[in-house]
Ligand code: 4AD
Ligand code: MG
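Numbering (our numbering), first residue to last: 51 to 527.
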């Protein structure tokens, strides 16, 4: 007798064989039909019980959530809804689940409720589908880069630098919080800390990835990233996963080409390999949208939207053009934007990004050549002296999904910039060395993995696409 997964059994032609299968009970109907799921697929395997054959004390324990091992014969199904089913010979209850206590009952649970049961929510259809798609997407990320000659580099999680210069870092320290050692001027003396300096969890692997690009040519990182920004939104996490390719000799145009090709590549992978889960998620989204006002519903079903993005060119627009569009837009003139666009130089908020993508262009947009003042220190200054070679990829329903740039490769220009921002040059000595020895044009970007999973699964809240979300006041599990 062989042990199979539900997925294997549902696609086998090998009927009349004796099989063993383990999984969790989804439902048990009429004391006869067990819908069993083992996580291998969104579909359940129907197991048909002859209650005269199975001990009634065993059947009492066959309730939603119980873990079972079943043996029986695989036959063509008599009923509708499945091709094959198992005629049960024996049931072993591995672990029961008291219906009075087990929170995941076969009824609709709110996503908020399930967030509080994050240790059990993966047993629901919605979360198992999301997490299988998430797994497939991460495989697709590695496959894309590995096939295209990139090397995977593990950048450190503990660093001493603030790559983005936003100061939103989680400190890493072993000092006694009640009585830290102080220096002569009464400040905490980090020289006595574990690393002999102030350290934090990384906000980006970019600076270290740049060092590797300057030796390996084409590299990418894919790792956890931490930001202590106090933004309680449906698009922000305090711990998220970021993918950061970095390529020697690429300029901004090549960087945009890479971002677009990469995103399309991973979308095509899941379109080909996650059909069942995407079909389920598409239906979930349609059901959810029925409860919303017409104006808030998306214009395309999920799979059609993914195909649309995978098959159409992203619109490339300079920041300057975007500001002109926004300034003259209806919501700006009618003062509907929370932040009105008055002049060139304004930072774009998510409401502006989404207007451009969802209302104006109606497709993904790559904005480039942003004002230097609103972007990070490392971006390549343009000849105009006021814009930098930055690019953000903006997606429908998401807003910014990618942020990247060509990097400043000229030592003197970078030193001036660092001075202007009051950054201590000594902290970045190794980063500046890249510009001292064999410097070259290079570019890269960061894609927020959870924002990609959000887009692909059609979910509305980023906390529902990562197993155990970390956000302000929330680090359970
Ligand atoms: O635009 P960001 O801040 O860019 C960087 O960190 C660069 N160092 C990347 C690079 O050029 N190598 O972040 C990149 C992406 C954003 O576009 C967004 O998708 C995601 O990371 N992101 C977040 N995702 C979830 N929660 C947060 N708090 C995020 N902050 C950024
Ligand atoms: Mg950004």
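In this text, a Cβ means the ideal position worked out from N, Cα and C, and glycines have one as well.
So for residue 518, helix, strand or coil by DSSP? Locating residue 518 in the chain shown gives position 468, counting from the first residue. In the structure shown, residue 518 falls within a coil segment according to DSSP collapsed to helix, strand and coil.
- Message: Using a 10 Å radius around the Cβ and a threshold of 16 neighbouring Cβ atoms, would you call residue 392 buried or exposed?
- Response: Within the chain shown, the letter at position 342 stands for residue 392. Under this definition residue 392 is an exposed residue.
If you draw a straight line from the alpha carbon of residue 21 to that of residue 312, how long is it in whole angstroms?
Outside the modelled stretch of the chain, which goes from 51 to 527, sits residue 21, for which no answer is possible.
### Message
For residue 59 and residue 71, which I take to be in contact (beta-carbon distance under 8 Å), what is that distance rounded to the nearest angstrom?
### Response
Indexing the chain shown from 1 puts residue 59 at position 9. Indexing the chain shown from 1 puts residue 71 at position 21. Correct: roughly 7 Å between the Cβ atoms.
- prompt: So does residue 292 have its beta carbon nearer than 7 Å to some heavy atom of ligand 1?
  reply: Taking the chain shown and counting its residues from 1, the one referred to as residue 292 is at position 242. Checking the Cβ of residue 292 against ligand 1 gives yes.
| Residue range of the beta strand (DSSP E) that includes residue 492 | On the chain shown, position 442 is the one that residue 492 refers to. Run containing residue 492: 492–498, per the beta strand (DSSP E) assignment.
Item to complete: Would you mind working out which of 343, 369, 459, 331 sits nearest residue 353, comparing C-alpha positions?
Response: Translated into positions along the chain shown, residue 353 becomes position 303. The shortest C-alpha separation from residue 353 is found at 331.
Any idea what DSSP makes of residue 96, helix, strand or coil? Translated into the one-based positions of the chain shown, residue 96 becomes position 46. In the structure shown, residue 96 sits in a strand (DSSP, three-state: E or B).
Item checked: 7 Å Cβ shell around residue 323 - same chain, five flanking residues per side excluded -> For the purposes of this step, residue 323 is identified with residue 273 of the chain shown, where counting begins at 1. Excluding residues within five positions, the ones whose Cβ falls inside 7 Å are 186.
In whole angstroms, give me the CA-to-CA distance for residue 139 and residue 355.
Sequence index remark: in the chain shown, residue 139 carries index 89 (1-based). Sequence index remark: in the chain shown, residue 355 carries index 305 (1-based). C-alpha separation (whole angstroms): 46 Å.
| Distance, residue 389 Cα to residue 426 Cα | Within the chain shown, numbered from 1, the residue matching residue 426 stands at position 376. Within the chain shown, numbered from 1, the residue matching residue 389 stands at position 339. If you take the alpha carbons of residue 426 and residue 389, they lie about 22 Å apart.
*Heavy atom of ligand 2 less than 7 Å from the Cβ of residue 606, yes or no?*
This structure cannot settle anything about residue 606, because the visible part of the chain is limited to 51 through 527.
Practice task
Enumerate in chain order the residues of its own chain whose CB-to-CB distance from residue 242 is below 6 Å, with the five nearest sequence positions on each side excluded.
Solution key: Numbered from 1 along the chain shown, position 192 holds the residue referred to as residue 242. The beta carbon of residue 242 lies closer than 6 Å to those of 231 in the same chain, with the five residues before and after it left out.
Looking at residue 147: is its Cβ nearer than 8 Å to the Cβ of residue 168? Taking the chain shown and counting its residues from 1, one reaches residue 147 at position 97. Taking the chain shown and counting its residues from 1, one reaches residue 168 at position 118. No, they are not a contact pair.
Spatial neighbours of residue 326 in its chain, beta-carbon cut-off 6 Å, leaving aside the 5 residues before and after: Reading the chain shown from its first residue, position 276 is the one you call residue 326. Cβ neighbours of residue 326 beyond the five flanking positions: 92.
Q: With distances taken Cα to Cα, identify the nearest neighbour of residue 259 among 237, 204, 376, 101.
A: Along the chain shown, one-based indexing puts residue 259 at 209. For residue 259, the nearest C-alpha among the options comes from 204.
Would a C-beta distance cut-off of 8 Å place residue 161 and residue 514 closer than the cut-off? For the purposes of this step, residue 161 is taken as the residue at position 111 of the chain shown. For the purposes of this step, residue 514 is taken as the residue at position 464 of the chain shown. Yes.
* Asked: Considering only residues of the same chain and omitting the five flanking positions on each side of residue 315, which have a CB-CB separation below 8 Å?
  -> Taking the first residue of the chain shown as position 1, residue 315 is located at position 265. Contacts found: 190, 194.
| message | Between which two residues does the alpha helix (DSSP H) holding residue 193 run? | response | Translated into positions along the chain shown, residue 193 becomes position 143. Residue 193 -> alpha helix (DSSP H) spans 175–197.
Q: Would you check whether ligand 1 has a heavy atom nearer than 7 Å to the C-beta of residue 496?
A: Numbered from 1 along the chain shown, position 446 holds the residue referred to as residue 496. Yes, the Cβ of residue 496 comes within 7 Å of a heavy atom of ligand 1.
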